[in-house]
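Student: Residue numbers (full-length UniProt numbering): 1 to 399.
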């Protein structure tokens, strides 16, 4: 599939500029003609990263729900996807579904059509649908995808809801600090210095900090932004530094344990889904590697896959990496012994999912009072720095 930027016109003469993927310019023109558009100009290229249209996670969940219900009702696959395309609320999702339909009509499998659109459909779609096609359980596969995507969306929404108030409070603290240091403190500086006595250390510190922010605040902000951009670019383009960054994240006191539990939740859920769908264990381990965005854990899973391929047991392979907790190793051993590996994986996913939610709630409960106390301490320091020299001046007055 090739990416194109095009200009088209509809029957009313309205110009439309957009982006699309197709096998050729002729296929793109035919696709636009089906939408009532006439292709005017076309050239190779993708939109800028921040201008690329994205499919909302809810649209993927709705798509899975529709496919599960329509296929269970006996509707042919092409017709089911055509119905989903007509009901899609997002234009980019409708275009993606029409692309799936064109690929299916051209003789491709649904898994191949999904794989051709990685920016819309995650790798998990292709992998599970591929297994569902081979086992004849495509409706059940979309039901599993729906449950997994719903879990991911709800967890993400929970984190965003929990961080909204601390984020607003943090912004207010920074705004209050900036206003005090650049407006209030300079207004009081002349008065404090005119008292004609030695100022306490808190007042001297406040005046120096205010002067520093006023003279060098812009340079400091620019340096912080450049540092953040530099670190982001280095981590994004250097595999070595990206691995070091992910390793450092796992070693953080509180956040590291939360991150590890979240990665283990994803791993157990995805591995359980693939194993339950009939995918061989070794292949499921290999397919799970790109789904783990944490590089240290992904490399550990790669080592597990190599050890399993060499003939070691699954539990021994996980234990040899040193990255997985004893509880997970114990339940994996039970699952291997009893033949209920998929059931144990789902139990582990549920356990660590609850653990992640409890840890997130604990962190959020700690974060809100911490920010409130920080704001209070900042105001207390300001009041002490201003009022102490005034109080000392009044105490020297003789009546």
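C-beta: ideal position from N, C-alpha, C; glycine also.
1) Starting from the C-beta of residue 345, find all residues in its chain whose C-beta is less than 6 Å away, skip the five residues before and the five after it, and write them out in chain order.
2) Measuring CB atoms only, is the region 112-131 touching the region 240-257, in the sense that at least three cross pairs come out at less than 8 Å?
3) Whose C-beta lies closer than 8 Å to the C-beta of residue 166 among residues of the same chain, with five residues either side of it excluded?
4) Does the Cβ-Cβ distance between residue 65 and residue 92 come in under 8 Å?
5) Answer with buried or exposed for residue 183, where buried requires no fewer than 16 other C-beta atoms within 10 angstroms of its C-beta.
6) Taking 8 Å as the cut-off, decide whether the C-beta atoms of residue 402 and residue 298 are in contact.
7) Between residue 210 and residue 388, is the Cβ-Cβ spacing less than 8 Å?
8) Out of 61, 359, 307 and 246, state which residue places its alpha-carbon closest to the alpha-carbon of residue 121.
9) Rounded to a whole number of angstroms, what is the C-alpha to C-alpha distance between residue 376 and residue 213?
10) Just verifying my parser: in three-state terms, what is the DSSP assignment at residue 224?
11) Please report the distance separating the alpha-carbon of residue 204 from that of residue 227.
12) Beta-carbon within less than 8 Å of residue 144's beta-carbon, same chain only, minus the 5 sequence neighbours each way: which residues are those?
13) Just the C-alpha distance for residue 338 and residue 283, rounded to the nearest angstrom, thanks.
14) Quick one: grab the DSSP three-state call for residue 7.
15) Which residues mark the beginning and the end of the alpha helix (DSSP H) in which residue 305 is found?
16) Does the Cβ-Cβ distance between residue 286 and residue 305 come in under 8 Å?
17) What did DSSP end up calling residue 148 once you bin it into helix, strand or coil?
18) Under 7 Å Cβ to Cβ from residue 50, same chain only, skipping five residues before and after it: list those, please.
19) State the start and end residues of the unbroken alpha helix (DSSP H) segment that holds residue 269.
20) On the DSSP letters alone, give me the boundaries of the alpha helix (DSSP H) that residue 318 sits inside.
21) Quick check: what's the CA-CA separation for residue 262 versus residue 295?
22) Could you round the C-beta distance between residue 80 and residue 94 to whole angstroms and report it? I think they count as a contact, below 8 Å.
23) Short of 6 Å in beta carbon distance, which residues of its chain neighbour residue 110, apart from the five on each side in sequence? Order them along the chain.
24) Can you say whether residue 300 is buried or exposed, counting buried as having 16 or more other CB atoms within 10 angstroms of its CB?
25) Within 10 angstroms of its Cβ, does residue 231 collect 16 or more other Cβ (buried), or is it exposed?
26) Going by Cα to Cα distance, which pick from 8, 266, 312 and 83 is closest to residue 32?
Tutor: Reading it off the structure:
1) Start at 1 with the first residue of the chain shown, and residue 345 comes out as number 345. Only 268, 271 and 272 meet the Cβ criterion.
2) no
3) Residue 166 sits at position 166 when you count from the first residue of the chain shown. 364, 367, 368 and 371.
4) As a working note, residue 65 is residue 65 in the chain shown. As a working note, residue 92 is residue 92 in the chain shown. In this structure, residue 92 does not lie closer than 8 Å to residue 65 by Cβ.
5) The residue labelled residue 183 in the question sits at position 183 within the chain shown. It is exposed - the Cβ of residue 183 has fewer than 16 other Cβ atoms within 10 Å.
6) The chain is shown only over 1 to 399; residue 402 falls outside these bounds and no answer can be derived.
7) Taking the first residue of the chain shown as position 1, residue 210 is located at position 210. Taking the first residue of the chain shown as position 1, residue 388 is located at position 388. No; because the gap between Cβ atoms is not below 8 Å, this pair is not in contact.
8) Locating residue 121 in the chain shown gives position 121, where the first residue counts as 1. It is 61 whose Cα lies nearest to the Cα of residue 121.
9) Here residue 376 refers to the residue found at position 376 when the chain shown is read from its first residue. Here residue 213 refers to the residue found at position 213 when the chain shown is read from its first residue. Each residue's alpha carbon lies about 21 Å from the other.
10) In the chain shown, residue 224 corresponds to position 224, counting from 1. Helix, per DSSP.
11) For the purposes of this step, residue 204 is taken as residue 204 along the chain shown, with counting starting at 1. For the purposes of this step, residue 227 is taken as residue 227 along the chain shown, with counting starting at 1. So the alpha carbons of these two residues sit roughly 30 Å apart.
12) What you label residue 144 is simply residue 144 of the chain shown in a count that begins at 1. Hits under 8 Å: 128, 273, 276 and 277.
13) As a working note, residue 338 is residue 338 in the chain shown. As a working note, residue 283 is residue 283 in the chain shown. Using only the alpha carbons, I get a separation of about 21 Å.
14) The residue you call residue 7 lines up with position 7 of the chain shown. Strand.
15) Stepping through the chain shown from its first residue, residue 305 is reached at position 305. Start and end: 295-309.
16) Taking the chain shown and counting its residues from 1, one reaches residue 286 at position 286. Taking the chain shown and counting its residues from 1, one reaches residue 305 at position 305. In contact: residue 286 and residue 305 (Cβ atoms closer than 8 Å).
17) Numbered from 1 along the chain shown, position 148 holds the residue referred to as residue 148. DSSP places residue 148 in helix when its eight states are reduced to three.
18) Counting from 1 along the chain shown, the entry for residue 50 is found at position 50. Because residue 50 sits at a pLDDT of 43, beneath the cut-off of 50, its placement in the model cannot be relied upon, and the following sentence gives the value as read from the coordinates. Result list for residue 50: empty, nothing under 7 Å.
19) Here residue 269 corresponds to residue number 269 of the chain shown, with the count starting at 1. Residue 269 -> alpha helix (DSSP H) spans 255-276.
20) For the purposes of this step, residue 318 is taken as the residue at position 318 of the chain shown. Residue 318 -> alpha helix (DSSP H) spans 314-321.
21) Here the question's residue 262 lines up with position 262 in the chain shown. Here the question's residue 295 lines up with position 295 in the chain shown. Rounded to the nearest angstrom, the two C-alpha atoms are 14 Å apart.
22) To locate residue 80, count along the chain shown from 1; it is residue 80. To locate residue 94, count along the chain shown from 1; it is residue 94. About 15 Å; that fails the 8 Å criterion.
23) As a working mapping, residue 110 is identified with position 110 in the chain shown. 129.
24) As a first step, residue 300 must be located in the chain shown, where it is residue number 300. It counts as buried.
25) Working through the chain shown from its first residue, we reach residue 231 at position 231. Under this definition residue 231 is an exposed residue.
26) Locating residue 32 in the chain shown gives position 32, counting from the first residue. Nearest of 8, 266, 312 and 83 to residue 32, Cα basis: 8.
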